[in-house]
RNA sequence: UCAUUUCAUAACGG
């Protein structure tokens with residue numbers, strides 16, 4: 299059962315819902331983890347309807363099931379609906395509270411986010427990070443800084459949030475400063491800095507970090523590839539693509555989209571046809587490629 | 001083995 303659930307989750311996380319559903323239907327036994335994983339698979343791929351159907355058919359709804367649904371509504375912009383479930387559910391845990399907090403935060407309802415934050419029975423580092431992220435993503439740097447400074451526990455995510463905020467605000471020196479000062483870096487730290495350099499046109503600095511990085515993951519590779527592709531250096535971009543130890547649908551999309559945007563729709567189409575699986579972004583990239591290059595009918 | 005916060009891709013919106 300654990301193996302089946304793991305496979306189900308793996309499909310879900312890579313966006314292969316058809317395969318996930320097929321597996322789910324063939325499972326000899328299912329537990330609540332299976333049902334929750336299936337509901338999550340739908341929800342994370344924008345199919346709230348099916349997600350809800352799975353939730354409604356689940357033999358037993360756990361706190362995770364409810365939390366999954368709240369997340370699904372929130373990501374779909376239905377914050378009121380999310381709140382209704384939140385108020386209605388039998389018990390909540392810290393994750394449930396964090397989900398509701400993030401929902402308001404991402405909806406830029408800082409007051410309600412803060413309200414939840416103050417009311418929750420227990421806070422963890424994710425709760426703090428969610429508040430920090432809310433301010434950061436809306437360019438409210440001084441508020442973000444206050445939250446950051448008030449935090450008694452920080453993890454690499456906390457630092458990464460603030461680092462990205464400064465970089466996106468054009469304060470590369472402050473971003474670099476955080477990068478150098480932080481006690482512990484994870485892969486996302488390096489990736490954030492690489493992305494910041496790339497967005498700032500500092501391709502050489504980006505590459506230097508990429509080369510120094512020991513924990514390179516698919517995000518690092520894709521970010522570096524995109525950096526070259528945006529400069530129309532397809533030779534280097536392609537060579538990175540070929541070298542990449544793993545690719546996911548985002549890596550493929552990035553390259554397809556780059557060719558499309560630089561005026562090579564036929565190259566884009568070739569890659570598109572080679573992709574193991576397409577998502578909404580893949581299709582919209584191709585549509586945009588043809589539209590922008592005068593092939594409306596394609 | 002399932003749910004929440006940060007980093008890579010399209011469109012949308014500014």
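Numbering (this note's numbering), first residue to last: 299 to 596.
Positions of the beta carbon are idealized from the N, C-alpha and C atoms, including for glycine.
In this text, all values refer to a predicted model and were calculated from it rather than measured experimentally.
Residue 441 sits in a helix when the DSSP states are folded into three classes. Counting C-beta pairs closer than 8 Å gives three or more between the stretch 394–406 and the stretch 419–431, which meets the contact rule. Your pair residue 470 and residue 494 checks out as a contact, with CB atoms roughly 7 Å apart and the cut at 8 Å. Assigned with DSSP and collapsed to three states, residue 373 falls in helix.
Annotated as distal: residue 442 and residue 461, with beta-carbon spacing of 8 Å or more. Comparing alpha-carbon positions, the option among 531, 515, 563 lying closest to residue 549 turns out to be 515. The Cβ atoms of residue 366 and residue 343 do not sit closer than 8 Å to each other. In summary, residue 324 is exposed, with fewer than 16 beta-carbon neighbours lying within 10 Å of its beta-carbon over all protein chains present.
In the structure shown, the three-state DSSP call for residue 530 is coil. Secondary structure note for residue 502: its alpha helix (DSSP H) is the uninterrupted segment 501–510. Under the DSSP assignment, residue 493 falls in the alpha helix (DSSP H) whose first and last residues are 485–497.
Judged by beta-carbon spacing, residue 432 lies within the 8 Å limit of residue 403, meaning their Cβ atoms are closer than that value.
In the displayed model, residue 316 falls within a helix according to three-state DSSP. In the three-state reduction of the DSSP assignment, residue 562 falls in the coil class.
Ranked by Cα distance from residue 468, the options 475, 451, 498 are led by 498.
Per DSSP, reduced to three states, the secondary structure at residue 513 is coil, with no helix or strand assignment.
Closest in C-alpha terms to residue 484, from the list 512, 475, 429, 562, comes 512. A residue is called buried once 16 or more other Cβ atoms fall within 10 Å of its Cβ, and residue 457 is buried on that count.
Boundaries of the alpha helix (DSSP H) harbouring residue 461: 454–466, taken from the DSSP string. Per DSSP, residue 592 lies in no alpha helix (DSSP H) and is assigned neither H nor E.
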